[in-house]
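Colleague: Dumping the structure here so I can ask a few things about it.
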Amino acid sequence: MADRTALDSLIEMGFPRARAEKALTLTGNQGIESAMDWLMEHEDDGDADEAPSPPSGRPSGPGSPSGGSDRPEAPGGAEGEEKPPLSEEEKREQTKRMLELVAQKQRERGEREQREAVERERQRRRQGQELSAARQRLQEDEMRRAAEERRRERAEETAARQRVREKIERDKMERAKKFGGAGPQASSPATEPGPVPSSPSQEPPTKREYDQCRIQVRLPDGSSLTQTFRAREQLAAVRLYVELHRGEEPGGGQDPVQLLSGFPRRAFSEADMERPLQELGLVPSAVLIVAKKCNS
């Protein structure tokens with residue numbers, strides 16, 4: 001059974017009697033310090049106040065009642081001998097020492113819990129930093145991909161503009177080759193009616209005598225473009241010039257355009273694009289209107 005002196009000291013310190021008896025019994029009555037250690041370790045146990053189960057196989061002494069005896073067995077087998085009771089000064093000293101032990105245990109537990117809290121906070125911050133770094137890497141990858149996409153789009157746009165310029169140059173060279181030798185033949189009929197300028201009011205001046213043509217193009221947004229072309233250039237050159245200089249549309253794409261003349265009202269067809277400006281009556285100057293081509 002529990003040591004009576006240690007039991008009284010634990011009870012005076014505020015521990016429940018059943019819990020104090022259980023602590024002394026399970027520590028083998030090795031002293032109040034061992035019991036204190038057990039009480040501190042099992043402070044939160046739900047069954048700490050339950051009576052300990054008796055050890056199995058322990059023979060009961062002859063003559064002892066079936067319910068057990070509350071009297072401790074004295075060392076050496078002497079029945080009835082008990083330890084001398086502690087004086088009041090010894091009790092106070094022992095109580096003081098136990099209270100200091102309890103305070104020390106509580107401080108150790110508080111420090112341990114604080115270290116664990118610090119470690120948990122350190123892990124939480126480390127995980128937050130890793131998550132932030134991963135998010136930053138993801139944003140950098142997205143920005144890098146967006147920059148590469150913009151560079152690719154600019155390169156494609158530059159290449160497309162270069163192709164348009166090259167096409168214009170090729171068209172100019174082809175027109176120069178095509179109409180270069182026909183100039184003297186085309187101008188010879190103009191010299192034949194020269195001796196009869198009797199009625200200049202009835203017959204307009206011949207447009208083929210002009211080498212250049214000044215074209216003003218009105219765009220759908222109200223702005224206009226003005227450029228000088230050779231009289232023998234095809235109308236397709238004007239359309240290419242408009243497509244190259246009309247600027248970006250809000251949608252980002254470029255719709256095909258159709259050229260119209262104002263007076264008289266006329267929509268130029270694809271066949272007209274291959275005809276020279278002088279044959280279309282646009283020499284020496286003309287005003288054209290740009291309209292979006294309707295895809296049927």
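Following the UniProt record's numbering, the numbering of the sequence shown begins with 1 at its first residue and continues without gaps. Note that beta-carbon positions come from the ideal geometry of N, C-alpha and C, so glycine has one too. Note that this is a predicted model, so its numbers are computed, not measured.
1. Taking a contact to mean a Cβ-Cβ separation below 8 Å, would you say T95 touches E12 in this structure?
2. With 16 other CB atoms within 10 Å as the buried threshold, where does E100 fall?
3. Assuming R19 and L39 make a contact with CB atoms under 8 Å, what is their CB distance in whole Å?
4. Hey, which unbroken runs of the beta strand (DSSP E) at 3 residues or more fall wholly within the segment 206-240?
5. Could you tell me which residues DSSP puts in a beta bridge with Q139?
6. What whole-angstrom Cβ distance do E233 and R175 have, given they're in contact under 8 Å?
7. Tell me the DSSP secondary structure of Q278 in three-state form.
8. How big is the Cα-Cα spacing for residue 310 and Q127?
9. Are the CB atoms of Q212 and R230 nearer to each other than 8 Å?
10. Using the rule of at least 16 other Cβ atoms within 10 Å of the residue's Cβ for burial, across every protein chain shown, is A147 buried or exposed?
11. Considering only residues of the same chain and omitting the five flanking positions on each side of A155, which have a CB-CB separation below 8 Å?
12. Whose C-beta lies closer than 8 Å to the C-beta of R109 among residues of the same chain, with five residues either side of it excluded?
13. Run through the DSSP bridge pairs and tell me what S87 is partnered with.
14. Which of the three DSSP states, helix, strand or coil, is assigned to V283?
15. If L219 and V290 are in contact, beta carbons under 8 Å, what's the gap, nearest whole angstrom?
16. What would DSSP say about S269, mapped onto helix, strand or coil?
17. On the criterion of 16 or more Cβ atoms from any shown chain inside 10 Å, does residue 299 qualify as buried, or is it exposed?
18. Under three-state DSSP, which class holds G76?
19. With a Cβ-Cβ cutoff of 8 Å, do Y241 and Q258 count as a contact?
Modeller: By the coordinates alone:
1. Against a cut-off of 8 Å, the Cβ pair of E12 and T95 comes out as a contact.
2. Exposed is the label assigned to E100, since fewer than 16 other Cβ atoms lie within 10 Å of its Cβ.
3. For a cut-off of 8 Å, the C-beta gap from R19 to L39 is around 7 Å, short enough to register as a contact.
4. Entirely contained in the segment 206-240, the beta strand (DSSP E) runs reaching 3 residues are, in chain order, 212-218, 224-230.
5. Looking at the DSSP output, Q139 sits in no beta bridge, so it has no partner there.
6. That belief holds up - the Cβ atoms of E233 and R175 are roughly 6 Å apart, short of 8 Å.
7. In this structure, Q278 counts as coil in the three-state DSSP scheme.
8. Only positions 1 to 296 of the chain appear in the structure, and residue 310 is not among them; the question remains open.
9. Contact: yes.
10. Classified as exposed, A147 has fewer than 16 neighbouring CB atoms from the shown chains inside 10 Å of its CB.
11. Result list for A155: empty, nothing under 8 Å.
12. Result list for R109: M40, in chain order.
13. According to DSSP, S87 bridges with nothing at all.
14. In this structure, V283 counts as coil in the three-state DSSP scheme.
15. 5 Å between Cβ atoms; contact.
16. Of the three classes helix, strand and coil, the one that applies to S269 here is coil, per DSSP.
17. Summary: the structure shown does not reach residue 299, with the chain confined to residues 1 through 296, and so no result is reported for it.
18. Residue placement at G76 cannot be trusted, given a pLDDT of 41 that sits under 50; what the coordinates show is reported in the next sentence. If DSSP states are grouped into helix, strand and coil, G76 belongs with the helices.
19. Against a cut-off of 8 Å, the Cβ pair of Q258 and Y241 comes out as no contact.
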